[in-house]
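Under my numbering, think of the first position of the sequence shown as 1380, with each following residue one higher.
What follows is a single structure, written as structure tokens, with notes after it.
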Amino acid sequence: MADDPVESYLLSAYPKNISLPDGTMVTLRSLIPQDRAEVGEFFEHVPEEDRAFLKEDLLNRYEVEVWLDGIDIDRETVIVAVAGKRIIGTAVLQRQRHGWARHVGEIRIVADPTFRRRGLGHALAHAIMDLAQQTGLEKLLAEMVSDRPEPIRVFKRLGFKTEATFNDQVKDRHGNTHDLLVMAYYMHPADAGMRPWRTGQESKE
């Protein structure tokens, strides 16, 4: 729809070519139906210990199809990172258009292991936070298990702060339980037109 704010923003902002700190050129763009095979291949390269904490079984090609077919751009927006012709990362913004949590969004990021600690996670997070600002969200949540220090470090640098910890909330595919950490970022009205999360300054808790 031409007057849809999400679609209008995505059309104006993407595709976007960026350079990672090591000089690698990456294209950020919206997920398209033709990405089905590439998305499946991407999740096959995600380490098993990381897949154990995904909410969907995206190693299963059928589950990938179900996920892609069920995406509603009004509630879920997916941005992919592409190097060459290969998808190397996905970033998701989930939100509700109506109801008491319509001001809150959830951010989810998965990066190819060979591109970690190279700035890709930050680039994907920036893309989602920019989108959240454009769509009027006031708060972003990020969920992760508490014994995974790398994503915690990334989100702290973006300005997220720990808001809650739920003991034994997550059970992985091996039956082991883990504490769930919920981190939050508040999109203050004073930030309109600005992007403070792009400063790279680590927040202090």
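Here a beta-carbon is modelled for each residue, glycine too, at the ideal position from N, C-alpha and C.
| request: Indicate whether leucine 1503 and serine 1525 have their beta-carbon atoms separated by less than 7 Å. | output: Your numbering for residue 1503 matches position 124 in the sequence shown. Your numbering for residue 1525 matches position 146 in the sequence shown. Not a contact, by the Cβ cut-off of 7 Å.
- request: May I have a chain-ordered list of the alpha helix (DSSP H) segments no shorter than 4 residues that lie completely inside the region 1496–1577?
  value: 1499–1513, 1528–1536
ask   = Quick one: what does DSSP say threonine 1403 is sitting in, helix, strand or coil?
value = By 1-based counting over the sequence shown, the position of residue 1403 is 24. Coil at threonine 1403, not helix or strand.
(Q) Using the three-state DSSP reduction, which class does glutamine 1475 fall into: helix, strand or coil? (A) As a working mapping, residue 1475 is identified with position 96 in the sequence shown. Of the three classes helix, strand and coil, the one that applies to glutamine 1475 here is coil, per DSSP.
ask   = By a C-beta neighbour count over all protein chains shown, 10 Å radius and 16 as the cutoff for buried, is alanine 1506 buried or exposed?
value = As a first step, residue 1506 must be located in the sequence shown, where it is residue number 127. Buried.
In whole angstroms, what separates the C-alpha of leucine 1510 from that of threonine 1556?
For the purposes of this step, residue 1510 is taken as the residue at position 131 of the sequence shown. For the purposes of this step, residue 1556 is taken as the residue at position 177 of the sequence shown. Looking at the two C-alpha atoms, the distance is approximately 33 Å.
* Nearest residue (CA-CA) to proline 1394, options Ala1462, Val1489, Phe1494 -> On the sequence shown, position 15 is the one that residue 1394 refers to. Checking every option, the nearest Cα to that of proline 1394 belongs to Ala1462.
Quiz item: Since valine 1425 is in the alpha helix (DSSP H), which residue starts that stretch and which ends it?
Solution: Your numbering for residue 1425 matches position 46 in the sequence shown. That residue, valine 1425, is in no alpha helix (DSSP H); it is neither H nor E in DSSP.
In its own chain, which residues sit with a C-beta less than 7 Å from the C-beta of aspartate 1547, not counting the 5 before and 5 after it?
-> In the sequence shown, counting from the first residue as 1, residue 1547 sits at position 168. Taken in chain order, the residues that qualify are Thr1556, Asp1558.
Give the C-beta separation of isoleucine 1589 and aspartate 1491 to the nearest angstrom, bearing in mind that I take them to be a contact with Cβ-Cβ under 8 Å. No information on residue 1589 is available, as it lies outside the stretch 1380 to 1584 that the chain covers here.
Legend entry - Residue span of the alpha helix (DSSP H) that contains alanine 1490, given as start and end: Locating residue 1490 in the sequence shown gives position 111, where the first residue counts as 1. From DSSP, alanine 1490 is part of no alpha helix (DSSP H) but of the beta strand (DSSP E) over 1483–1490.
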